[in-house]
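J.: Supplied in structure tokens, the structure appears directly below.
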Amino acid sequence: MANMLEVKHLGISFGGLRAVNEFELNIKKGALYGLIGPNGAGKTTVFNLLTGVYKPDSGSIMLDGDDITGKSTIEINKAGVARTFQNIRLFKQLSVLDNVKAGFHNSHKYSMFAGIFHTPSYRRVEAEMDEKAMEILKVFDLDKDASYLAANLPYGEQRKLEIARAMATEPKLLLLDEPAAGMNPNETQALMDMIQFVREHFGMTVLLIEHDMRLVSGICEELTVLNFGRVLAQGRTADVLNDPQVITAYLGE
Amino acid sequence: MTVMIEKMKKKTRTNNLINYAIVIAAFAVIQVMKSTGNLSSLLNGLLIPVCSYIILAVSLNLVVGISGELSLGHAGFMSVGAFASAFFSKSMLDAIPFVPLRFGLAIVIGAAAAGVIGVLIGIPVLRLRGDYLAIVTLAFGEIIKNVITIFYIGIDGNGIHVSMKDKMSLHLEEGGNVILNGPQGISGTPKNATFLVGVLLVLITLFIVQNLINSRDGRAIMSIRDNRIAAESIGLNVTKYKLMAFTVSAALAGVAGALYAHNLSSLVASKFDFNLSILALVFVVLGGIGSIRGSIIAAVVLTALPEMLRFLSDYRMLIYAIVLIVMMLLNWSPKALELRERYLGRFFKKTAKEGK
Numbered sequence: 008m009a010n011m012l013e014v015k016h017l018g019i020s021f022g023g024l025r026a027v028n029e030f031e032l033n034i035k036k037g038a039l040y041g042l043i044g045p046n047g048a049g050k051t052t053v054f055n056l057l058t059g060v061y062k063p064d065s066g067s068i069m070l071d072g073d074d075i076t077g078k079s080t081i082e083i084n085k086a087g088v089a090r091t092f093q094n095i096r097l098f099k100q101l102s103v104l105d106n107v108k109a110g111f112h113n114s115h116k117y118s119m120f121a122g123i124f125h126t127p128s129y130r131r132v133e134a135e136m137d138e139k140a141m142e143i144l145k146v147f148d149l150d151k152d153a154s155y156l157a158a159n160l161p162y163g164e165q166r167k168l169e170i171a172r173a174m175a176t177e178p179k180l181l182l183l184d185e186p187a188a189g190m191n192p193n194e195t196q197a198l199m200d201m202i203q204f205v206r207e208h209f210g211m212t213v214l215l216i217e218h219d220m221r222l223v224s225g226i227c228e229e230l231t232v233l234n235f236g237r238v239l240a241q242g243r244t245a246d247v248l249n250d251p252q253v254i255t256a257y258l259g260e
Numbered sequence: 201m202t203v204m205i206e207k208m209k210k211k212t213r214t215n216n217l218i219n220y221a222i223v224i225a226a227f228a229v230i231q232v233m234k235s236t237g238n239l240s241s242l243l244n245g246l247l248i249p250v251c252s253y254i255i256l257a258v259s260l261n262l263v264v265g266i267s268g269e270l271s272l273g274h275a276g277f278m279s280v281g282a283f284a285s286a287f288f289s290k291s292m293l294d295a296i297p298f299v300p301l302r303f304g305l306a307i308v309i310g311a312a313a314a315g316v317i318g319v320l321i322g323i324p325v326l327r328l329r330g331d332y333l334a335i336v337t338l339a340f341g342e343i344i345k346n347v348i349t350i351f352y353i354g355i356d357g358n359g360i361h362v363s364m365k366d367k368m369s370l371h372l373e374e375g376g377n378v379i380l381n382g383p384q385g386i387s388g389t390p391k392n393a394t395f396l397v398g399v400l401l402v403l404i405t406l407f408i409v410q411n412l413i414n415s416r417d418g419r420a421i422m423s424i425r426d427n428r429i430a431a432e433s434i435g436l437n438v439t440k441y442k443l444m445a446f447t448v449s450a451a452l453a454g455v456a457g458a459l460y461a462h463n464l465s466s467l468v469a470s471k472f473d474f475n476l477s478i479l480a481l482v483f484v485v486l487g488g489i490g491s492i493r494g495s496i497i498a499a500v501v502l503t504a505l506p507e508m509l510r511f512l513s514d515y516r517m518l519i520y521a522i523v524l525i526v527m528m529l530l531n532w533s534p535k536a537l538e539l540r541e542r543y544l545g546r547f548f549k550k551t552a553k554e555g556k
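Line by line, the protein sequences are chains A and B.
Quick note, the first sequence lines up with residues 8 to 260 if you use my numbering.
Quick note, the second sequence lines up with residues 201 to 556 if you use my numbering.
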């Protein structure tokens, strides 16, 4: 099967620090892929490179056959990459529904004029957005909270809403930055089921950063381990987790 | 589940309708007071300026409350609207004798001129954030004021003459007309503004701002306010939407200026100084940032109050300052909000958790 994401020789420096060096990654279509590594290994930096927040000094990023290297965040999102954040970034003063509808912004359009004068096209497009947003919220079991302000949701639900918003941009590749951070074991289990479901339901390719080894070994088929900005090990989850190098990186000698 | 969406929509709609209703009710009350002779000439003279301040406050709220950027140069946009429209009205005095058409065009021109200046200033300035943006908009406000002050513009049979020196250097022909007279501004603008026109313009402003907020573009503007990085990650063009909010706001401030100018026989640029920008910001902050209704009420109360307190003579500004502090406390202190919730909550059954 063809690859959804192909990353070659990716690297970036901040001053004298080589934060990511010679990073390689190939993710098959429909795969659930994990990116792990000790604190400060450069995992989130890789995400920021993939989504255009940072521009790489070297290397290339191909998404589904298109070159997205060095493009802006907006262009990369339009090309089909959506993400969530390690520290939750919701539109807190908007309702849960509006958070998801904001994700439809580029796929559902009408003019500013139509918006001000409530023309038929405004009504039609808004109704369409409402319907689709509710469908997505239902998948994440947030439909009953649609009218709440995002800021008023409990922590776990906020994480789910972030994924829902990312899904609204209709991506090909979903990047999850520590989706289970701060969750208890029950919540983590529910999240794992949900990620699996999203992947099957939407046919999504998922790349996730995670510290929770239970989650990683439970759902990821393949892993890349990053240490000091370099790839330490890569391959099938069970093999990688038993690699002595990886164990050393996590636990010390 | 569609029931829930309908409910949310109905709530926003009711909220918006209440604002229109407040304005129309106030208009009706004033009209009744007028016809029964209960309106003092002092208050009567305030009616049009209040309308123009409401428009200014609502337009500034679009930038400060909805877009989340601090602008301290709104008086500048107001003055652009005021001078552009007054210039048009005065030079077209004979060409278009039909008042509603001339005044209508003047308002449109005032809005367009302020909108264009808004875009020109917005493009470089909106790259800045927070305090820096505030300082630069403040500077631009002052620049606009001073630029208008140094221009002399006259019209005669040969067309438009412009000078930056004095009236004489315009070299107008016999029968020529000086329109913009440097620091003395524009005098002899036709006083076309009426209270009815003012109220109509307030309603139009409310219509534009409220509907914009509840549209796709408004959602994008508020998303960017709430989290810029997340907004970019879902493909929202940050610069475009910040500029949109800024420009619409500048154009509406221009409308406020046009209304203001057509209520005065002489218009001077020094009226639109830093103090006016701050006054507009005070309306927005005291009314509650992001609350359109608050802006309307604050603009009315804070414009009428100093005049109503005239009988206190020396103590007038003291009382005014105390009222500002009390309003601030009532609007923002958690305890006051709690009390308000408890007592008003009985009348309006509102669940605190639900969205706007």
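All C-beta atoms, glycine included, are put in the ideal place defined by N, C-alpha and C.
Skipping 5 residues on each side, what residues in its chain have a beta carbon closer than 7 Å to that of Asn414(B)?
T.: In the second sequence, residue 414(B) corresponds to position 214, counting from 1. So the qualifying residues of the chain are Thr212.
J.: Check Arg428(B) in the structure and name its three-state DSSP category.
T.: The sequence position of residue 428(B) within the second sequence is 228, counting from 1. Correct three-state label for Arg428(B): helix.
J.: Please classify His274(B): does DSSP put it in a helix, a strand, or coil?
T.: As a first step, residue 274(B) must be located in the second sequence, where it is residue number 74. Helix at His274(B).
J.: What residues from chain B crowd round Ile226(A), counting only those whose CB sits closer than 8 Å?
T.: Here residue 226(A) refers to the residue found at position 219 of the first sequence. Result: empty, since nearest Cβ-Cβ is about 23 Å, beyond 8 Å.
J.: Look at the alpha carbon of Gly487(B) and the alpha carbon of Ile255(B), and state the distance between them as a whole number of angstroms.
T.: Sequence index remark: in the second sequence, residue 487(B) carries index 287 (1-based). Sequence index remark: in the second sequence, residue 255(B) carries index 55 (1-based). Roughly 14 Å between the two C-alpha positions.
J.: Excluding the five sequence neighbours on either side, which residues of its own chain have a C-beta within less than 8 Å of the C-beta of Pro178(A), listed in chain order?
T.: As a first step, residue 178(A) is located in the first sequence; it is residue number 171 there, counting from the start. Asn84, Gly87, Val88, Ala89, Met211, listed in sequence order.
J.: How is Lys556(B) classed by DSSP in three states: helix, strand or coil?
T.: Your numbering for residue 556(B) matches position 356 in the second sequence. The predicted position of Lys556(B) is uncertain, since its pLDDT is 38 and thus under 50; a value taken from the coordinates is nonetheless stated next. Lys556(B) falls in the coil class under three-state DSSP.
J.: Tell me, please, whether the CB atom of Asn113(A) is closer than 9 Å to any CB atom in chain B?
T.: In the first sequence, residue 113(A) corresponds to position 106, counting from 1. Chain B contact via Cβ: present.
J.: Quick one: what's got a C-beta closer than 6 Å to Thr76(A)'s C-beta in the same chain, skipping five residues either side?
T.: Walking along the first sequence from the start, residue 76(A) turns up at place 69. Around Thr76(A): Ser67, Ile68.
J.: Output needed for Ser449(B): all residues of its chain with C-beta closer than 6 Å, excluding positions within five of it in sequence on either side, in chain order.
T.: If you number the second sequence from 1, residue 449(B) lands on position 249. These residues qualify, in order along the chain: Ser259, Leu262, Val263.
J.: Spell out whether any CB of chain A is found under 9 Å from the CB atom of Ala420(B).
T.: In the second sequence, residue 420(B) corresponds to position 220, counting from 1. Judged by the 9 Å Cβ criterion, Ala420(B) is in contact with chain A.
J.: Tell me, please, whether the CB atom of Tyr117(A) is closer than 9 Å to any CB atom in chain B?
T.: Translated into the one-based positions of the first sequence, residue 117(A) becomes position 110. Yes, Tyr117(A) lies at the interface with chain B (some Cβ there is under 9 Å from its Cβ).
J.: Which of the three DSSP states, helix, strand or coil, is assigned to Ser240(B)?
T.: Working through the second sequence from its first residue, we reach residue 240(B) at position 40. Correct three-state label for Ser240(B): coil.
J.: Where DSSP assigns a beta bridge to Ser67(A), which residues make up the other side?
T.: Here residue 67(A) is taken as the residue at index 60 of the first sequence, counted from 1. Bridge partners of Ser67(A): Lys15(A).
J.: Let me confirm a value: Ser533(B) is counted as buried when at least 16 other C-beta atoms fall within 10 Å, else exposed. Which label applies?
T.: What you label residue 533(B) is simply residue 333 of the second sequence in a count that begins at 1. By the 10 Å Cβ count, Ser533(B) comes out exposed.
J.: With burial defined as no fewer than 16 other Cβ atoms inside 10 Å of the residue's Cβ, what is the status of Lys210(B): buried or exposed?
T.: Here residue 210(B) refers to the residue found at position 10 of the second sequence. It counts as exposed.
J.: Does the Cβ-Cβ distance between Ala121(A) and Asn234(A) come in under 9 Å?
T.: The count along the first sequence starts at 1 and reaches residue 121(A) at position 114. The count along the first sequence starts at 1 and reaches residue 234(A) at position 227. Cβ distance not < 9 Å, so Ala121(A) and Asn234(A) don't count as in contact.
J.: Can you tell me whether Lys553(B) is buried or exposed, with buried defined as 16 or more other CB within 10 angstroms of its CB?
T.: Here the question's residue 553(B) lines up with position 353 in the second sequence. Here the model assigns Lys553(B) a pLDDT of 43, short of 50, so the residue's position is not dependable, and the following value carries that caveat. That one is exposed.
J.: Would you kindly work out how many angstroms separate the C-alpha atoms of Met174(A) and Gly110(A), rounded to a whole number?
T.: Along the first sequence, one-based indexing puts residue 174(A) at 167. Along the first sequence, one-based indexing puts residue 110(A) at 103. Those two C-alpha atoms are separated by around 8 Å.
J.: Would you call the CB atoms of Gly318(B) and Ala451(B) closer than 9 Å?
T.: Counting from one through the second sequence, the residue named residue 318(B) turns up at place 118. Counting from one through the second sequence, the residue named residue 451(B) turns up at place 251. The answer is yes: Cβ separation under 9 Å.
J.: Could you tell me the boundaries of the beta strand (DSSP E) in which Tyr520(B) lies?
T.: Along the second sequence, one-based indexing puts residue 520(B) at 320. Unbroken run through Tyr520(B) is the alpha helix (DSSP H), 516-532; no beta strand (DSSP E).
J.: Does DSSP classify Thr551(B) as helix, strand or coil?
T.: Counted from its first residue, the second sequence places residue 551(B) at position 351. Confidence in Thr551(B) is poor, its pLDDT being 46 and thus under 50, which makes the residue's placement unreliable; the coordinate value appears in the next sentence. Residue state, collapsed to three classes: coil.
J.: Nearest chain A C-beta to Ala431(B) closer than 9 Å, yes or no?
T.: Here the question's residue 431(B) lines up with position 231 in the second sequence. Yes, because at least one Cβ of chain A sits closer than 9 Å to the Cβ of Ala431(B).
J.: Between Ser102(A) and chain B, is any beta-carbon pair separated by less than 9 Å?
T.: For this step, residue 102(A) is matched to residue 95 along the first sequence. So, interface residue.
J.: In three-state terms, what does DSSP make of Thr337(B)?
T.: The residue you call residue 337(B) lines up with position 137 of the second sequence. Of the three classes helix, strand and coil, the one that applies to Thr337(B) here is helix, per DSSP.
J.: With a threshold of 9 Å between beta carbons, is Ile307(B) in contact with chain A?
T.: For this step, residue 307(B) is matched to residue 107 along the second sequence. So, not an interface residue.
J.: Please confirm if Arg327(B) has its CB atom under 9 Å from at least one CB of chain A.
T.: Along the second sequence, read from residue 1 onward, the residue named residue 327(B) stands at position 127. No, Arg327(B) lies away from the interface with chain A (no Cβ there is under 9 Å from its Cβ).
J.: Return helix, strand or coil for Ala48(A), following the three-state DSSP convention.
T.: Within the first sequence, residue 48(A) is the residue found at index 41, counting from 1. Coil at Ala48(A), not helix or strand.
J.: Report the start-end ranges of each beta strand (DSSP E) in the stretch 84-165 of chain A that is 3 residues or longer and not cut off at the edges.
T.: Those beta strand (DSSP E) runs which fall completely within the stretch 84-165 of chain A and span 3+ residues are 88-90.
J.: Asn219(B) and Ile496(B) - do their beta-carbons sit closer together than 9 Å?
T.: Looking up residue 496(B) in the second sequence gives position 296. Looking up residue 219(B) in the second sequence gives position 19. Contact: yes.
J.: DSSP three-state call for His208(A): helix, strand or coil?
T.: Walking along the first sequence from the start, residue 208(A) turns up at place 201. His208(A) falls in the helix class under three-state DSSP.
J.: Can you name the residues of chain A whose CB is closer than 9 Å to the CB of His412(B)?
T.: Here residue 412(B) refers to the residue found at position 212 of the second sequence. Looking at the sequence itself, residue 412(B) is Leu, so the reference to His does not match. Correct list: Met119, Gly122, Ile123.
J.: What are the partner residues of Asp356(B), as DSSP defines its beta bridges?
T.: Residue numbering aside, residue 356(B) sits at position 156 when the second sequence is read from its first letter. Answer by DSSP bridge pairing, in chain order: Gly359(B).
J.: Classify Phe30(A) as helix, strand or coil using the three-state DSSP reduction.
T.: Taking the first sequence and counting its residues from 1, the one referred to as residue 30(A) is at position 23. Strand.
J.: Less than 9 Å between the beta carbons of Gly457(B) and Val280(B), yes or no?
T.: As a working note, residue 457(B) is residue 257 in the second sequence. As a working note, residue 280(B) is residue 80 in the second sequence. For Gly457(B) and Val280(B), yes; Cβs fall inside 9 Å.
J.: DSSP state of Ser491(B), grouped into three classes?
T.: Taking the first residue of the second sequence as 1, we reach residue 491(B) at position 291. Three-state DSSP puts Ser491(B) in coil, outside helix and strand.
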